[in-house]
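S.K.: Got a structure for you, questions after.
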Amino acid sequence: MITTAAMICIGIGVLFNALGVIGILRFPDVYTRLHAETKMTTFGTIFLALGVVLYAGGMLMNTNDTQYLTLAIHTVIAVIALAFTNATGSHAIARAAHRSGQLPDPSVVNRLSEVKRRD
Amino acid sequence: MIRFLVTTIAAYAVYLLLTAGSGSIILWSESELIIGLCLAIIVGIASSRIFCRTGSPRMANPIRLLLLAVYAVIPLFIEMARANIDVAVRVITGNVRPGIVRVRTGMKTDLGQLILANSITLTPGTLTVDIDDASGDLFVHLINVPDDIRTKKSIEARELFSFFNIPAWIRRIAE
Amino acid sequence: MIEMILHTILLLGMIGAAILVFTFKDLVSAAIAFGAFSFILALEFYLLQAPDVAIAEAAIGAGLSTAAFMIAIRGTSRKERDEA
Amino acid sequence: MIPEQIPYIAVILIAGIGIATLLLKKNIIKMIMGLAIIEGAANLFLVSLGYRIGGIAPIFTNAPDADMVLPTVQAMTLTNIVIGFATTALLLAFAMMIYRKYGSVEANNVRRLRE
Amino acid sequence: MQMSSIVRTTADILFPFILIYGFYIVIHGHLTPGGGFQGGAVLASGVLLLLFAYRYNESTRIVKKTVMKTIESGGLLLFIITALSAMLLGAGFFFNWAASGGMIFGDLVAFGSTAANLNTGGLIPIMNLAVGIEVVGAISVILLALLSGIKEKI
Amino acid sequence: MIDLVFIAIVVLGLLILFAGIRLAIGPSAPDRVVALDTINTLMVGAMILLAVYLGQTIFVDVAIVYALLSFLGTLAIAKYIGGEL
Amino acid sequence: MRRNLSIIIVILMVGMLGVIVSGISFGEPVDHPMDRYFIENSQLESGANNVVTAVLFDYRGFDTLGEAAVLFTAALGTMLVFRRRREE
């Protein structure tokens, strides 16, 4: 029962990761690719970790061995660190791309280019 | 002094989380507790000026931390799920109308701006590109710009989200 | 024995990343490809049951080496000139 | 269908690419990258020498019941990685110094200036 | 000439956690994957994160080259003293006299698959700590020197 | 259960190769950084699953190191591209 | 001319590596008594569960000492390359 739930979570995670990779291959410019990368792979990895945590909880109830508690806690810490650094990293990439002069290619409005560049 | 205490307690909590399940005093063994305390004090000395740069112990309040955990599990996760399904449909069909708009936030602290910017990056079809240091406004890249937003000079942060009032949550947590 | 499939995929990725390092004229792109090479190498170490080496490769090869290359490229020139 | 020795074949190919980068390219930074690639190939060769099919990592904490892979090669590889980073950084420092002296990091120009 | 305030705040928040995780890897080197080299590299990455998030003039005020050089020399000295301490007891260089001795880090280990017990290993955790300190000092000095090469005219 | 986990890991490995295509053809340097970031995230997921597949729970430490430190390479490259180094 | 010579050298070296490596089989290491000794005795003699760390810091401590010396020297050398000249 709990194993089935874990497998369903892992399946959803792999599906979202695959969609993210298709997104970075299909989208037209850097910023839209960053949308696909940041959101979808982070979300997919959260689901993968959820599956592993469910599996570890099931094993912890069955065998009462504390190494599965360690597995669950370390997985959660890894995913929190991943989500935090991924969001900030994609912001850094987007800012660097805009400063290096790459404008969003299909674009209906761009308020940032209207601001005069400081520094 | 208060900065040192806050940093040490945060580092010690993370160390205890990492070594949970090692012994019999609740979950930890004796040597883990002692050595962890020594290491946390070293980390506190080394990084207290950096971790609490402003010097106000506002985030040490446990109610705020609890609110942050609740915020990460319920509103942020639901918005993330909605945004992901939205972007997934766009990946398959391929119709995008991107653009960069200016968003007024009204956040007063750096931490509030950080949480809001990261929430915007993770949630609904948006991506923080740059930040105006003087006024604190964010420049946000939208994957699909609706017509009524396109003509406006700048918009409020609340209009970006659909189910929850995320800026109010963050103002409650960080200010 | 079934792990050979995974070994094959990762080693193909490594060879591809090494070829990319060879072909790129832009040194920043070459450094990015070198980072990808280090990352896949660390996953291969993990699969070969050497987690100690995998941690060292992840921290040094992928994080610190990329930073050192970027600093060095900033200190010299970015484009590799075409040999005549 | 998959050959048995595929890690070794990959090691040969990667080392060949590294040697080619070292010999054919003229840019000094690119040559340092080639050196780092050869180093990675050597590390991979050492670790896969000690691998045993069905073996587990040489750590006894919560280990399942099986044979272990050989530990000595892993220890030597660990030493090699840190030394490799130190030498790479030193070579990069020399490259920056050469650029400051000659205004170029192409090996041809530097050689012509010396003569 | 500095990263945006979002990146700076992230570096501020992340720095103590990277430090405590690096120390966790160093001090658990004889139980879990890790040890002096890996943990030292993680600690050095934390220092490098500060160097990159701030302007060069500000970051060198936080991380000083002389302090890092002192830390590095102290780590190497601690390593050699730990190795020499076996010779005082009449044994060979690098002999692990504290293992299974009942003193600090001196619990007996059962053979085979066991749970993690930090209080074992003899001199190995102390040597791990010494090497970790040395590695973080050395890598920080190298990167600071490279950064000063592009910022200051000689 | 374990076999299905292995299939998931193989799919993640293939996705890493596909992300490498963007690394190869990306017209500018920021595109390549996006591909590198994708590879990092996929690899953390693969490592967490491999710890379950190999049956050794202490291997998860490697995944935490990855998740923390892949940020550093991205930041270095972004700082150079933005002209701020 | 020089380029052709380089390519010939690369092909020769790859061929030599291939000849060397072709005799080794993957997955079945040579069973040396030293490794078996390390695996069987490291827990009793040095008290460490991680055999790699036991080899690094106990059985082969001199290698680690040399490695630390190399790292120290590299840091010193990098610092000396970028030192500030006093007279200018």
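Protein chains in written order, with my numbering: chain G, 1 to 119; chain W, 1 to 175; chain R, 1 to 84; chain S, 1 to 115; chain B, 1 to 154; chain F, 1 to 85; chain A, 1 to 88.
All C-beta atoms in this analysis are idealised placements derived from N, C-alpha and C, irrespective of residue type, glycine included.
1. Taking only three categories from DSSP, how would you classify residue 117 of chain B?
2. By the 10 Å Cβ neighbour count, where 16 or more other Cβ atoms means buried, how is residue 9 of chain B classified, buried or exposed?
3. Leaving out five residues on either side along the sequence, give the residues of the same chain with a beta carbon under 8 Å from the beta carbon of residue 39 of chain F.
4. Which chain F residues sit within Cβ distance under 7 Å of residue 75 of chain G?
5. Let me confirm a value: residue 77 of chain F is counted as buried when at least 16 other C-beta atoms fall within 10 Å, else exposed. Which label applies?
6. Strictly under 8 Å for the Cβ-Cβ distance: is residue 37 of chain F near chain G by that measure?
7. When Cβ atoms are compared, which residues of the stretch 56-75 of chain R fall closer than 8 Å to chain F?
8. For the alpha helix (DSSP H) that contains residue 129 of chain W, what are its first and last residues?
9. Where residue 163 of chain W and residue 79 of chain W are concerned, what is the direct C-alpha to C-alpha distance, given to the nearest angstrom?
10. Can you tell me which of the three DSSP states residue 31 of chain A falls into?
11. Give the secondary structure of residue 106 of chain S by DSSP, where H, G and I count as helix, E and B as strand, and everything else as coil.
12. Quick check on DSSP: helix, strand or coil for residue 43 of chain G?
13. Are the CB atoms of residue 7 of chain S and residue 82 of chain A within a distance shorter than 8 Å?
14. So which residues of chain S does residue 27 of chain R contact, with C-beta pairs closer than 8 Å?
15. Which residues, in order along the stretch 57-75 of chain S, keep a beta-carbon less than 9 Å from a beta-carbon of chain E?
16. Should the stretch 144-153 of chain B be called in touch with the stretch 56-69 of chain G, which here means at least 3 C-beta pairs below 8 Å?
17. Give the DSSP-derived three-state secondary structure of residue 35 of chain G in the structure shown.
18. I'd like to check one pair, residue 34 of chain B with residue 52 of chain R: are the Cβ atoms closer than 8 Å?
19. For residue 144 of chain B, I'd like the list of residues in its chain whose CB is within less than 6 Å of its CB, leaving aside the five on either flank, ordered along the chain.
20. Could you tell me the distance, in whole angstroms, from the CA atom of residue 118 of chain G to the CA atom of residue 126 of chain W?
21. Along the stretch 78-89 of chain S, where does the CB come closer than 9 Å to a CB of chain B? Name the residues.
22. Restricting to Cα atoms, I'd like to know which of W:107, W:131, W:141, W:132 is closest to residue 123 of chain W.
23. Residue 50 of chain S and residue 66 of chain S - do their beta-carbons sit closer together than 8 Å?
24. Determine the closest residue to residue 79 of chain A out of B:137, B:27, B:44, with distance taken between C-alpha atoms.
25. If you drop the 5 nearest sequence neighbours on each side, which residues of the same chain put their C-beta closer than 6 Å to that of residue 19 of chain W?
26. What does a CB cutoff of less than 7 Å around residue 5 of chain G pick up in its chain, not counting 5 residues either side in sequence?
27. Give the interface partners of residue 26 of chain B over in chain R, defined as CB-CB distance under 9 Å, in chain order.
28. Would you mind stating whether residue 76 of chain B and residue 134 of chain B have Cβ atoms separated by less than 8 Å?
29. Give me, in chain order, the residues of the same chain whose beta-carbon lies closer than 7 Å to that of residue 11 of chain W; leave out the 5 immediate sequence neighbours on both sides.
30. At a CB-CB cut-off below 8 Å, which residues of chain F make contact with residue 61 of chain G?
31. Ignoring anything shorter than 3 residues, give me the beta strand (DSSP E) runs that lie fully in the stretch 25-75 of chain R, in order along the chain.
32. For residue 79 of chain A, go through chain B and note every residue whose CB falls closer than 7 Å to its CB, in chain order.
33. In angstroms, rounded to a whole number, what distance separates the CA positions of residue 12 of chain F and residue 56 of chain F?
34. Tell me the rounded alpha-carbon separation between residue 174 of chain W and residue 111 of chain W.
35. Please list the partners that residue 46 of chain B has in chain S, where partner means a Cβ-to-Cβ separation under 8 Å.
36. Around the Cβ of residue 108 of chain S, are there at least 16 other Cβ atoms within 10 angstroms (buried) or fewer (exposed)?
M.R.: From the atom records:
1. In this structure, residue 117 of chain B counts as coil in the three-state DSSP scheme.
2. By the Cβ neighbour-count rule, residue 9 of chain B is buried, with 16 or more other Cβ atoms within 10 Å of its own.
3. Hits under 8 Å: 16, 19, 20, 23.
4. Residues of chain F with a Cβ closer than 7 Å to the Cβ of residue 75 of chain G are, in chain order, 48, 60.
5. With 16 or more other Cβ atoms within 10 Å, it is buried.
6. Yes, residue 37 of chain F lies at the interface with chain G (some Cβ there is under 8 Å from its Cβ).
7. From the stretch 56-75 of chain R, only 58, 59, 62, 63, 64, 66, 67, 70, 71, 73, 74 have a Cβ closer than 8 Å to chain F.
8. For residue 129 of chain W, there is no enclosing alpha helix (DSSP H); the enclosing beta strand (DSSP E) has its first and last residue at 126-131.
9. Their backbone Cα atoms lie some 7 Å apart in a straight line.
10. DSSP, read as helix, strand or coil, puts residue 31 of chain A in coil.
11. Residue state for residue 106 of chain S is assigned as strand, using DSSP reduced to three classes.
12. Shown here, residue 43 of chain G sits in a helix according to DSSP, grouped into three states.
13. Here residue 82 of chain A is not near residue 7 of chain S, since their CB atoms are 8 Å or more apart.
14. Contact annotation for residue 27 of chain R against chain S: 27, 29, 30 [CB-CB distance below 8 Å, chain order].
15. Of the protein chains in the structure, G, W, R, S, B, F and A, none is chain E.
16. With contact defined as three or more Cβ pairs closer than 8 Å, the stretch 144-153 of chain B and the stretch 56-69 of chain G are not in contact.
17. Residue state, collapsed to three classes: helix.
18. Going by C-beta atoms, residue 52 of chain R is nearer than 8 Å to residue 34 of chain B.
19. Excluding sequence neighbours, residue 144 of chain B sits near 65.
20. With a pLDDT of only 47 at residue 118 of chain G, under the threshold of 50, the placement of this residue in the model should not be trusted, and no figure is reported.
21. Within the stretch 78-89 of chain S, the qualifying residues are 78, 79, 81, 82, 85, 86, 89.
22. Between residue 123 of chain W and the set W:107, W:131, W:141, W:132, the nearest pair of CA atoms involves W:141.
23. Between residue 66 of chain S and residue 50 of chain S, the C-beta gap is not smaller than 8 Å, which leaves the two residues out of contact.
24. Closest option to residue 79 of chain A, Cα to Cα, is B:137.
25. So the qualifying residues of the chain are 32.
26. Spatial neighbours of residue 5 of chain G in its own chain (CB-CB distance under 7 Å, excluding positions within 5 residues in sequence) are listed in chain order as 54.
27. Identification of chain R residues near residue 26 of chain B by a Cβ-Cβ cut-off of 9 Å yields none; the smallest Cβ-Cβ distance measures about 11 Å.
28. Note that the C-beta distance between residue 76 of chain B and residue 134 of chain B is below 8 Å.
29. Beyond the five residues adjoining it in sequence on each side, residue 11 of chain W comes within less than 7 Å, by CB distance, of 40, 43, 44 in the same chain, given in chain order.
30. Chain F residues near residue 61 of chain G: none, gap ~15 Å exceeds 8 Å.
31. Counting whole runs of 3 or more residues, the stretch 25-75 of chain R contains no beta strand (DSSP E) stretch at all.
32. Listed along chain B, the residues sitting closer than 7 Å to residue 79 of chain A by beta-carbon distance are 141, 145.
33. Those two C-alpha atoms are separated by around 20 Å.
34. Roughly 7 Å between the two C-alpha positions.
35. The contact set of residue 46 of chain B on chain S, defined by CB atoms closer than 8 Å, is empty, because the minimum CB distance reaches about 16 Å.
36. Its Cβ having fewer than 16 others within 10 Å, residue 108 of chain S is exposed.
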